[in-house]
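Enquirer:
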């Protein structure tokens with residue numbers, strides 16, 4: 001089928017229905033009537049000889065063909081959008097925009113306050129959404145434009161995803177005040193004697209600190225595994241368990257708990273924080289502006 005015979009607006013409708021899971025919400029997103037969305041869906045179904053979406057309750061569930069189509073369609077729409085936007089300069093003072101930033105929860109408390117202050121001051125019509133993303137899906141989300149940028153540790157991504165180191169952080173140990181064995185100083189022998197908390201979104205497997213310890217032939221006892229550092233800091237404040245975590249977030253999370261924050265008792269390298277974006281938006285004015293605000297927000301801390 002030659003592209004000259006295809007109405008490209010149909011693919012905008014396809015992406016909206018897929019994302020929203022509803023003809024009603026797709027019509028609201030695109031500011032079109034429901035009959036117009038239904039008519040476009042009918043044309044798509046005829047074009048591909050496939051229902052594409054099947055209603056289950058109140059949700060439109062995609063067929064296998066639709067699931068295979070969505071990423072190429074998103075990439076194509078994103079490329080066209082970038083091309084069109086690149087024809088004009090992005091004026092943050094006057095242009096409405098929603099920026100979507102892939103972000104681990106440990107970085108939210110660190111970067112969001114200064115970043116949203118900068119965005120609000122310079123781009124009053126812009127919104128910011130911080131989104132958790134599976135690292136396995138990160139490259140696809142950046143390529144499709146469902147993420148504008150992401151912040152994470154160094155990841156094994158293709159050369160289509162560009163990156164820049166924007167921060168370094170140290171590893172610290174959090175211990176309650178009044179701990180019977182630790183008061184203002186911590187050596188490796190005392191560290192290894194303690195029961196530890198591991199904060200991780202993964203269900204199993206070691207933490208980064210465990211890899212560092214293993215390099216020295218050392219191992220610690222994990223007594224509690226939980227999902228979030230904030231919860232772990234509260235547990236520390238009420239028990240003799242200790243927590244190893246990034247230093248910048250430790251200082252934020254422990255303000256209300258008044259825990260001790262001590263250096264990690266081994267010489268380990270600081271871990272780097274990187275900003276990621278796709279090569280297809282490298283010269284996009286809006287994306288360039290967002291990346292600059294992120295960099296400046298880290299530098300201001």
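Numbering (the UniProt record's numbering), first residue to last: 1 to 301. Glycine residues also receive a C-beta, built at the ideal position from the N, C-alpha and C atoms. Since this is a predicted model, take the numbers as computed values, not measurements.
Where does the unbroken alpha helix (DSSP H) through residue 113 begin, and where does it stop?
Expert: 105-122 is the extent of the alpha helix (DSSP H) around residue 113.
Enquirer: On the DSSP letters alone, give me the boundaries of the alpha helix (DSSP H) that residue 193 sits inside.
Expert: That run of the alpha helix (DSSP H) goes 188-193.
Enquirer: Buried or exposed: where does residue 160 fall if 16 or more other Cβ atoms within 10 Å of its Cβ makes it buried?
Expert: Residue 160 is exposed by the Cβ-count criterion.
Enquirer: From which residue to which residue does the beta strand (DSSP E) around residue 37 run?
Expert: Segment 34-48 is the alpha helix (DSSP H) holding residue 37; no beta strand (DSSP E) there.
Enquirer: CA-CA distance, residue 14 and residue 299?
Expert: If I take the Cα positions, the gap works out to 41 Å.
Enquirer: By the DSSP assignment, the alpha helix (DSSP H) with residue 291 in it spans what residues?
Expert: First-last of the alpha helix (DSSP H) with residue 291: 285-299.
Enquirer: For the alpha helix (DSSP H) containing residue 214, list its first residue and its last residue.
Expert: Note, residue 214: alpha helix (DSSP H), 208-215.
Enquirer: Helix, strand or coil: how does DSSP classify residue 246 here?
Expert: In this structure, residue 246 counts as strand in the three-state DSSP scheme.
Enquirer: Cα-Cα, which of 140, 97 and 233 is closest to residue 75?
Expert: Of 140, 97 and 233, the residue nearest in Cα terms is 140.
Enquirer: Taking the C-alpha atoms as reference points, what is the distance between residue 236 and residue 245?
Expert: Distance between the alpha carbons of residue 236 and residue 245 is about 12 Å.
Enquirer: Count the other C-beta atoms from every protein chain shown that fall within 10 angstroms of the C-beta of residue 60, then say buried if there are 16 or more, exposed otherwise.
Expert: Residue 60 comes out buried.
Enquirer: Taking residue 242 and residue 172 to be in contact with their CB atoms under 8 Å, please state how far apart those CB atoms are, rounded to whole angstroms.
Expert: The Cβ separation is near 11 Å, so there is no contact.
Enquirer: Name the DSSP beta bridge partners of residue 276, please?
Expert: In DSSP, residue 276 forms a bridge with 150 and 163.
Enquirer: With a threshold of 8 Å, are at least 3 pairs of Cβ atoms found where one atom belongs to the stretch 44-53 and the other to the stretch 12-29?
Expert: With the cut-off at 8 Å, the stretch 44-53 and the stretch 12-29 touch.
Enquirer: Would you mind reading off the limits of the beta strand (DSSP E) that contains residue 17?
Expert: Not the beta strand (DSSP E): residue 17 falls in the alpha helix (DSSP H), residues 9-20.
Enquirer: Just to confirm, is the Cβ distance from residue 195 to residue 274 under 8 Å?
Expert: Going by C-beta atoms, residue 195 is not nearer than 8 Å to residue 274.
Enquirer: What do you get for residue 115, buried or exposed, if any count of 16 or more other CB atoms within 10 angstroms of its CB means buried?
Expert: It is buried - the Cβ of residue 115 has at least 16 other Cβ atoms within 10 Å.
Enquirer: Leaving out five residues before and five after residue 227 in sequence, what residues of the same chain have Cβ atoms less than 8 Å from its Cβ?
Expert: Around residue 227: 199, 200 and 201.
Enquirer: Who are the Cβ neighbours of residue 89 in its own chain at under 7 Å, not counting the five residues just before and after it?
Expert: These residues qualify, in order along the chain: 285.
Enquirer: Less than 8 Å between the CB atoms is what I'm expecting for residue 253 and residue 109, so what's the real figure, rounded?
Expert: Contact flag correct, Cβ pair sits at about 7 Å.
Enquirer: What is the C-beta distance between residue 177 and residue 258, in whole angstroms, given that I count them as a contact (C-beta under 8 Å)?
Expert: The pair is a contact, with the Cβ atoms about 6 Å apart (cut-off 8 Å).
Enquirer: Between the alpha carbons of residue 73 and residue 53, how many angstroms are there, rounded?
Expert: Looking at the two C-alpha atoms, the distance is approximately 15 Å.
Enquirer: Thinking residue 138 and residue 150 are a contact (beta carbons under 8 Å), I'd like their distance in whole angstroms, please.
Expert: Confirmed, Cβ separation roughly 6 Å.
Enquirer: So the alpha helix (DSSP H) residue 257 belongs to, where does it begin and stop?
Expert: Premise fails: residue 257 is in no alpha helix (DSSP H) and is neither H nor E.
Enquirer: For residue 143, which of helix, strand or coil comes out of DSSP?
Expert: In this structure, residue 143 counts as helix in the three-state DSSP scheme.
Enquirer: Assuming residue 56 is part of the alpha helix (DSSP H), what are its boundary residues?
Expert: Looking at the DSSP string, residue 56 is not in any alpha helix (DSSP H); the run it does join, the beta strand (DSSP E), is 53-56.
Enquirer: According to DSSP, simplified to helix, strand and coil, what is residue 222?
Expert: Three-state DSSP puts residue 222 in a strand.
Enquirer: Would you tell me roughly how many angstroms separate the C-alpha atoms of residue 158 and residue 184, rounded to the nearest one?
Expert: In a straight line, the C-alpha of residue 158 is about 44 Å away from that of residue 184.
Enquirer: Identify the continuous alpha helix (DSSP H) that holds residue 129 and give its terminal residues.
Expert: Residue 129 -> not in any alpha helix (DSSP H); beta strand (DSSP E) instead, spanning 126-131.
Enquirer: Is it buried or exposed for residue 99, if we count other Cβ within 10 angstroms and need 16 for buried?
Expert: Buried is the call here.
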